[in-house]
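For reference, the structure discussed in these notes is given below.
Numbering (my numbering), first residue to last: 142 to 489.
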């Protein structure tokens with residue numbers, strides 16, 4: 142018997158199925174991670190319009206995009222957590238008129254670049270991505286100064302410095318930060334490397350720190366983040382795909398199974414177990430290890446958007462792949478009409 146299932150993909154439409162925005166109508170998600178990235182980059186480039194000047198444009202934009210859901214006269218402050226904290230540095234909202242336009246900092250808010258300007262190589266362009274509103278957020282002035290240009294790292298609780306020139310954005314904001322970094326890297330891949338912005342290992346993909354993929358799964362988009370995405374689109378024309386569907390990051394970089402808001406992977410009752418069974422692809426044959434090869438199984442192969450591609454009934458390993466193109470796939474293994482486990486593989 143296999144061990145307890147280590148992860149269950151929550152794919153029910155009632156959980157979080159949403160209609161895919163028409164913005165993505167031309168994107169084929171049933172292809173390789175490299176091609177998905179290329180298609181999305183082209184889409185973002187083709188839809189971005191002249192974005193605001195830094196002053197006063199970004200100030201004015203943030204009073205719209207970062208408006209608090211609970212008070213239209215306030216902005217929500219990234220990395221903030223509690224308006225009742227005696228230290229205003231940790232406040233979650235601020236009157237939208239309390240901008241830092243002088244040297245006075247305490248109790249004021251200013252403009253934070255989640256992907257810090259000094260991290261970019263070359264630095265962000267004042268006429269283009271320096272004023273990209275997807276990357277610019279309202280922040281408490283003192284908190285912004287504390288973050289500075291520090292790399293993001295693991296932590297828990299509220300946003301704060303954690304030593305060694307590292308910064309934790311807070312439980313409420315870590316997903317927002319991850320999806321912002323992903324957006325910046327997707328659109329400006331040579332200038333805004335994700336590995337520069339995040340601390341730690343890159344075991345899932347060499348170009349995306351694990352912590353951003355973990356945060357993307359652990360902290361799904363909030364209502365504020367979703368509405369902000371649409372408000373930014375109204376200003377500069379493009380959207381952040383990873384807010385619209387966090388699972389896109391999983392398709393591209395792997396890692397933990399993020400929320401699939403469009404049911405791209407619409408396969409019923411999939412269980413994933415990577416401990417007991419392994420899979421390899423050689424000469425167009427899938428070889429399975431860790432199953433009882435004396436028994437006969439039903440194998441079903443689905444593409445990355447949940448379409449059934451191939452079925453082999455009462456069969457055993459290895460499995461000949463028939464007319465399967467480059468891309469990411471799922472092999473569902475059933476035994477006696479019961480789902481046994483499912484494995485992911487990539488056809489290069």
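Each residue gets a CB set at the ideal place from its N, CA and C atoms; glycine is no exception.
- Message: Please state the DSSP three-state secondary structure of residue 159.
- Response: coil
- Task: Mark residue 299 as exposed unless 16 or more other C-beta atoms lie within 10 angstroms of its C-beta, in which case mark it buried.
- Result: buried
- Return helix, strand or coil for residue 340, following the three-state DSSP convention. coil
- May I have a chain-ordered list of the alpha helix (DSSP H) segments no shorter than 4 residues that lie completely inside the segment 366-409? 382-385, 388-394
- DSSP three-state assignment for residue 295, whether helix, strand or coil: coil
- Message: Using DSSP's beta-bridge definition, name the partner residues of residue 486.
- Response: 470
- Check whether the segment 362-373 touches the segment 321-334, taking contact to mean three or more Cβ pairs, one atom from each stretch, closer than 8 angstroms. no
- Query: Between which two residues does the alpha helix (DSSP H) containing residue 178 stretch?
  - Reply: 174-188
- Give the DSSP-derived three-state secondary structure of residue 436 in the structure shown. coil
- Message: Pop quiz: residue 251 and residue 240 are said to be a contact at Cβ under 8 angstroms. What is the actual Cβ separation, rounded to whole angstroms?
- Response: 7 angstroms
- Task: For the beta strand (DSSP E) holding residue 253, just list the boundary residues, first then last.
- Result: 250-254
- Task: Quick one: give me the first and last residue of the alpha helix (DSSP H) that residue 170 is part of.
- Result: Per DSSP, residue 170 belongs to no alpha helix (DSSP H) and is neither H nor E.
- Item | Best match in 178, 381, 319, 483 for proximity to residue 356 [C-alpha to C-alpha] | 319
- Message: Nearest by alpha-carbon distance to residue 207: which of 366, 386, 422 is it?
- Response: 366
- Item | Cut-off 7 angstroms between Cβ atoms - residues of its own chain near residue 400, not counting five sequence neighbours on either side | 157, 361, 387, 388
- At what residues does the beta strand (DSSP E) containing residue 318 begin and finish? Residue 318 -> not in any beta strand (DSSP E); alpha helix (DSSP H) instead, spanning 315-328.
- DSSP puts residue 304 in a beta bridge; with which residues? 307
- Message: Between which residues of its own chain and residue 258 is the CB-CB distance below 8 angstroms, once the five residues before and five after are set aside?
- Response: 264, 265, 271, 290
- Quick one: what's got a C-beta closer than 8 angstroms to residue 200's C-beta in the same chain, skipping five residues either side? 240, 252
- Kindly indicate which three-state DSSP category residue 476 falls into: helix, strand or coil? strand
- Task: Please state whether DSSP places residue 464 in a helix, a strand or coil.
- Result: coil
- Span of the beta strand (DSSP E), counted from its first residue to its last, around residue 420: 419-423
- Message: Taking the alpha carbon of residue 440 as the reference point, which residue from 475, 431, 430 has its own alpha carbon closest?
- Response: 475
- Have a look at residue 486 and residue 436 and give me their C-alpha separation to the nearest angstrom. 22 angstroms
- Task: Evaluate residue 385 with the Cβ neighbour count: other Cβ atoms within 10 Å of its Cβ, from every protein chain shown; 16 or more gives buried, anything less gives exposed.
- Result: buried
- Item | Validate contact between the segment 164-178 and the segment 215-232 using beta carbons, cut 8 angstroms, 3 pairs | no
- chain B contact for residue 191 (CB, 7 angstroms cutoff): No chain B appears in the structure shown, which is made up of a single protein chain.
- Leaving out five residues on either side along the sequence, give the residues of the same chain with a beta carbon under 7 angstroms from the beta carbon of residue 353. 319, 322, 323, 335, 339
- Item | Cα-Cα separation, residue 313 to residue 222 | 7 angstroms
- Answer with buried or exposed for residue 350, where buried requires no fewer than 16 other C-beta atoms within 10 angstroms of its C-beta. buried
- Integer Cβ distance of residue 346 from residue 394, believed to fall under 8 angstroms: 4 angstroms
- Query: Considering only residues of the same chain and omitting the five flanking positions on each side of residue 151, which have a CB-CB separation below 7 angstroms?
  - Reply: The predicted position of residue 151 is uncertain, since its pLDDT is 31 and thus under 50; no value can be drawn from it.
- Through-space distance from residue 431 to residue 419, alpha-carbon basis: 7 angstroms
- Item | Selection from 260, 304, 274, 375 that minimises the alpha carbon distance to residue 332 | 260
- Query: Within this structure, are the beta carbons of residue 382 and residue 181 separated by less than 7 angstroms?
  - Reply: yes
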